[in-house]
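Asks: If you scroll down you'll find the structure; I have some questions about it.
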Amino acid sequence: MKRNLSVLFSLVVLASMMLAACGGGVATEAPAVEPAATEAPAVEPAATEAPMAAYEGLMVEAPDCEYGGEFKSIEAVDELTVKITLCVPDPAFPSKIAFSSFAIQPTEYLESTGGNGDLLEKPVGTGPYMVSEWVRGDQLVFKANPNYWGEKAGSETLVFKWSAESAQRLLELQSGTVDGIDNVGPDDFATVEGDTNLSLLNRPALNIMYIGFNNNPQVEGFDNTTNPLANEKVRQAIAMGVDRNRIVDNFYPAGSEVASHFTPCSIPNGCVGDDWYAFDATAAKALLAEAGYPDGFETVLNYRDVVRGYLPDPNIVAQDLQAQLKENLNITLKIEVMESGAFLTAADAGQLPGLYMLGWGADYPDQTNFLGYHFGSGASKQFGDKFDDITSAIDSGAQLASDSDREPFYTDANNAIRTHVPMIPVAHGGSALAFQAAVTGAHASPLGNESFSVMSNGTDSFVWMQNAEPISLYCADETDGESLRACEQVTQSLLGYEIGGTAVEPVLAESYEVNGDLTEWTFKLRPGVLFSDGSSFDANDVVTSLSIQWDAANPLHTGNTGAFSYWSGLFGAFLNAPAE
Amino acid sequence: MTTETIPPVKLDASTLSLDSVSLWQITRRRLFRRKSSVVGMVILAILILIALTAQWIAPYSPTLSMLDAKPSQNVTKRSAPCIYALGCPTDQPQHIMGTDGNLRDEFSRMLYGARLSLMIGLSTVSFAIFIGTVLGALGGYFGGWIDNLIMRVMDVLLAFPSLLLAIAIVTVIGPGLINALLAIGIVSIPAYARVVRGSVLSVREMDYVSASRALGGNTYEILFKRILPNALTPLIVQGTLGIASAILDAAALSFLGLGAQPPTPEWGAMLGSERNQVFTAPHLVFYPGLAIMLTVLAFNLLGDGLRDALDPRLAHMS
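Okay, structure coming up:
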């Protein structure tokens, strides 16, 4: 009797579990059919051409192009075709859309996370690896993705570790506990080169370190007086009063160069226009006096104490800058080191009160990634108020296809930047990675997106140590290279960059076509691709993943901070952006 | 620290007046008899001398980058020490302890650092002693709810690990040397308050205090003129040892970037900023580390010596 009862009970439990499972399935599928009941650019099934196809493709469309962004519509034409229509021609579009911020994740997964939460910790992608476990403050473990469509990952397990201390990174490499490290300390290059068990790989200096200014007249700390940095002459004086050669010669490793322009010269039209101000302490002092500050003033220098290729030794450079400005212009800098995430957020929002040191590593080799991202009309408020002559020149240049057509505009933009001095370009920093000599497939990417699936140390586990812990793994809403590199192992975009290089190559899209005026881009998707959670990849996933970022009214437009800086930096304003 | 177990010095007329040897003479005699405390005092004397004369004996300004030096010098950052007496070629500029990451003369920075460290130790401990003494004396003398209130607050402060509490305070009021000093001062208050309260509790029952009260002395006079001067000896020991821990705490805060801000030549900050060069330029972490160790050691040796010298139980040894 008792036995019968327990059998009955377990049957009931089983039945209820099945019911719950089915119910769950229905619940997650339901919103996919009628996503985002937002008013204006309602998502509606696109008219499918083939009458046979039962595929309901999504479409997100802007009512017009007045909202200030580059996108006009994203449309899933059929299961394996996505058409993106732009408001303006964009020759750099393939390079942009290949970036890891625009990676594709499954629609169902994105909706189940609500746009943050799990999404920040466990992205689901189509890449060679998937996130297995993230022990905050300790390590990030990836497992090979069994559903990966490409060549299998070189090792079953990939571990990301991090340490802000270059000495510790090197020590771990020497002791053999890690297989590769990022950013060898500038003083340690010779040590690595002299060690036959290790190999040093130089990463090309496709980056920029700059000293930014907050040029808003009223900022915190200057409540009762005008922020001296709002005065263009003051900024020019500082630009002339900083000996950038001295900084690069003394505090940067070999392979670095003084920046003549914001963008490195190896990028097309990178350094057209006049060279940056030559160091001239006397002229700088005179200009500062003319601006009304003959005795200098006091302000703050903010930075984050993290090592990046563009800034290998931030504390030392900060103190040299402090000494230089004191000596040359009698400007007293108060050094304030900030936590990395807080610093980036404050910089983006234009909340840093004075000068700050920050940098940028190329995501793709195009001016839109340098000038466009930082000074274009969609750029953040990191340099305070924008300058119309800079933004208009950049936005016009970005629409032209050939480098020679773009040149006059970027010349104007560079010259206007030189005049207004929203920042001082300091250095293109050389940096190096180090690996165990036995590692096969080791490479250094100029874009900082090393691919570990092609590397192997002969065992089934590969350990990589970088400078810092990723901030989150939803890279649509991250800008930090340490986060992006982790995402790049897991998620993929329509296009991608060649391993160890900058050329764009097909990834989730097998091919694309574009119309004559570079506004209609049709991507043919790779068939048979599965996400790491087993769901299949189709055109609607592309529409959802991109429209979450584009459409500010999308309920999933939340992310980690909600800034989605890459989207606005590369594609201008958001759709349905709340009025400021 | 175990100062609470030390009974306060009880002065009775016999030791004081018979052969007219004062307490301080006895103490001094005992102090100099101990070798370890003499070592502590010698180190301390040298440190004080360096601190007082830093601007004359330092070859360079502690914040001057050799890139700005006139005449200009041909040195690189983090260069090894160059001492002429030890065979360094005289065509190179002499830097006794080498240069740091910003090409500043490490030796000059070390000298100025001594001034800063002593200043840190003395000022935080004076601050803590002042506040702690007032609080402890009030609590001990008046007792009742005043005592309860003060000592419970002190207990709460004591419940936190002192460095963690200091970090929390600095995080709230912002990094900087002064703020760090304030934080360290605040977290050291309870130790002094307790010591003073203990002493006051025992001293206030002494006959001469009762006598003073009977003579109609007011509260202020009794507390500050009769009781406190006779309750101070344990405080001296606690204070000396406290300077050592204050210097160490300040160095730790500066190492973490919460204390002295660049380019201030503070030993902890100097150690922190060159921590990645421990293999490539070991002298830059060795010297500040050594200096912190010696200073703390000196205060600890002196404190131990003082404790023994002031201990009345050892009176027969004099």
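Those sequence lines, one after another, are chains A and B. Under the numbering used here, residues 1 to 580 are what the first sequence spells out, in order. Under the numbering used here, residues 1001 to 1318 are what the second sequence spells out, in order. No residue lacks a Cβ here, since even glycine has one placed at the ideal position from N, Cα and C.
1. Quick one: which residues of the stretch 1042-1069 of chain B get their C-beta closer than 9 Å to a C-beta of chain A? List them in chain order.
2. To the nearest angstrom, how far is the alpha carbon of Gly25/A from that of Gly1272/B?
3. Spatial neighbours of Ala1309/B within its chain, please: CB distance less than 6 Å, with the 5 preceding and 5 following residues excluded, ordered by chain position.
4. DSSP state of Gln322/A, grouped into three classes?
5. Are the Cβ atoms of Ala486/A and Pro470/A separated by less than 8 Å?
6. Pull up the CB-CB distance for Gly180/A and Ala442/A, whole angstroms please, since I reckon it's below 8 Å.
7. Using a C-beta cutoff of 8 Å, does Pro1229/B count as contacting chain A?
8. Between the alpha carbons of Val1187/B and Ser1162/B, how many angstroms are there, rounded?
9. Helix, strand or coil, according to DSSP, for Lys381/A in the structure here?
10. If you draw a straight line from the C-alpha of Glu450/A to the C-alpha of Arg1152/B, how long is it?
11. Are the CB atoms of Gly378/A and Gly569/A nearer to each other than 8 Å?
12. Given that a residue counts as buried once 16 or more other Cβ atoms are within 10 Å of its Cβ, and exposed if not, what is Leu1064/B?
13. Could you list the residues in the stretch 144-171 of chain A with a C-beta less than 7 Å from some C-beta on chain B, going in chain order?
14. Which partner residues of Met465/A appear in the DSSP bridge assignment?
15. Measure the Cβ-Cβ separation of Gly1268/B and Ala1244/B and say whether it is below 8 Å.
16. Which chain A residues sit within Cβ distance under 9 Å of Leu1103/B?
17. Check the Cβ of Val184/A against every Cβ in chain B and list those closer than 9 Å, keeping chain order.
18. Quick test of your reading: Pro425/A and Tyr210/A, contact by CB under 8 Å. State the CB separation rounded to the nearest angstrom.
19. Between the stretch 1071-1079 of chain B and the stretch 1047-1060 of chain B, do at least 3 Cβ pairs fall closer than 8 Å?
20. With a 10 Å radius around its C-beta and 16 neighbouring C-beta atoms as the bar for buried, classify Glu34/A as buried or exposed.
21. Does any C-beta atom of chain A lie closer than 8 Å to the C-beta of Asp1308/B?
22. Compare the beta carbon distance of Leu120/A and Asn214/A with 8 Å and say whether it is the shorter of the two.
23. Contact between the stretch 235-243 of chain A and the stretch 308-325 of chain A: three or more CB pairs below 8 Å?
24. At 8 Å on the CB atoms, spell out the chain B contacts of Glu232/A, in chain order.
25. Provide the residue span of the beta strand (DSSP E) that contains Tyr497/A, from first to last.
26. Against chain A, does Pro1262/B count as a neighbour if the rule is that its beta carbon must be under 8 Å from one of theirs?
27. Using C-beta distances below 6 Å, list every residue in its chain close to Arg1197/B, excluding the 5 sequence neighbours before and after it, in chain order.
28. Could one say the Cβ of Gln1277/B lies closer than 8 Å to chain A's Cβ atoms, at least one of them?
29. Beta-carbon of Val543/A versus every beta-carbon of chain B: anything under 8 Å?
30. Asp274/A: buried (16+ other C-beta within 10 angstroms of its C-beta) or exposed?
31. Using a beta-carbon distance below 8 Å, is Thr1280/B in contact with chain A?
32. Between Ser1199/B and chain D, is the shortest Cβ-Cβ distance under 8 Å, so that the two count as touching?
33. Hey, how far is the Cα of Asp313/A from the Cα of Asn207/A?
34. So is Trp1024/B buried or exposed if we call it buried at 16+ other beta carbons inside 10 Å?
35. Take Ala401/A and list the residues in its own chain whose beta-carbon comes closer than 8 Å to its own, dropping the five residues that flank it on each side.
36. Output, in sequence order along the chain, the residues in the stretch 1073-1084 of chain B whose CB is closer than 8 Å to any CB in chain A.
Replies: In short, the structure shows the following:
1. Flagged, chain order: Thr1063, Leu1064, Ser1065, Leu1067 and Asp1068.
2. Note that Gly25/A scores 39 on pLDDT, short of 50, meaning its location in the model is unreliable; the coordinates nonetheless yield the value given after this. About 55 Å.
3. Excluding five sequence positions before and after Ala1309/B, the CB atoms of its chain that fall closer than 6 Å to its own CB belong to Thr1027, Arg1030 and Leu1031, given in chain order.
4. Taken through DSSP and simplified to helix, strand or coil, Gln322/A comes out as helix.
5. Yes.
6. Confirmed, Cβ separation roughly 7 Å.
7. Judged by the 8 Å Cβ criterion, Pro1229/B is not in contact with chain A.
8. Each residue's alpha carbon lies about 6 Å from the other.
9. In the three-state DSSP reduction, Lys381/A falls in the coil class, being neither helix nor strand.
10. Roughly 57 Å separates the two Cα atoms.
11. Yes; because the gap between Cβ atoms is below 8 Å, this pair is in contact.
12. Answer is buried; the Cβ neighbour count reaches 16.
13. If the cut-off is 7 Å between Cβ atoms, the stretch 144-171 of chain A has Glu165, Ser166 and Ala167 near chain B.
14. According to DSSP, which records beta bridges pairwise, Met465/A is partnered with Lys161/A and Ile181/A.
15. The criterion of a C-beta distance shorter than 8 Å is not satisfied by Gly1268/B and Ala1244/B.
16. In chain order: Asn250 and Asp320.
17. Near Val184/A there are no residues of chain B at all, since even the closest Cβ is about 11 Å away, more than 9 Å.
18. At roughly 5 Å, the Cβ-Cβ gap stays under 8 Å, so Pro425/A and Tyr210/A are in contact.
19. Taking 8 Å as the limit for Cβ pairs, the verdict is that the stretch 1047-1060 of chain B does not touch the stretch 1071-1079 of chain B.
20. Interpretation of Glu34/A is limited by its pLDDT of 41, a score under 50 that renders its predicted location unreliable; the figure taken from the coordinates is listed afterwards. Answer is exposed; the Cβ neighbour count stays below 16.
21. Cβ-Cβ to chain A under 8 Å: no for Asp1308/B.
22. Cβ atoms of Leu120/A and Asn214/A: not closer than 8 Å.
23. Pairwise C-beta distances place the stretch 235-243 of chain A in contact with the stretch 308-325 of chain A, as three or more of them are shorter than 8 Å.
24. Residues of chain B passing the Cβ test: none, with the nearest at roughly 28 Å.
25. DSSP places Tyr497/A inside the beta strand (DSSP E), whose first and last residues are Leu495 to Tyr497.
26. Yes, Pro1262/B counts as interfacial toward chain A.
27. Counting only Cβ-Cβ distances below 6 Å, and skipping sequence neighbours, we find Gly1136, Gly1139 and Gly1140.
28. At least one chain A Cβ lies under 8 Å of Gln1277/B.
29. With 8 Å as the cut-off, Val543/A does not count as an interface residue toward chain B.
30. So Asp274/A ends up on the exposed side.
31. So, interface residue.
32. Chain labels in this structure do not include chain D; the protein chains are A and B.
33. About 15 Å.
34. In this structure Trp1024/B is exposed. Its beta-carbon is surrounded by fewer than 16 other beta-carbon atoms within 10 angstroms.
35. Only Pro89, Pro91 and Leu518 meet the Cβ criterion.
36. Residues of the stretch 1073-1084 of chain B with a C-beta less than 8 Å from any C-beta of chain A: Thr1076, Lys1077 and Arg1078, listed in chain order.
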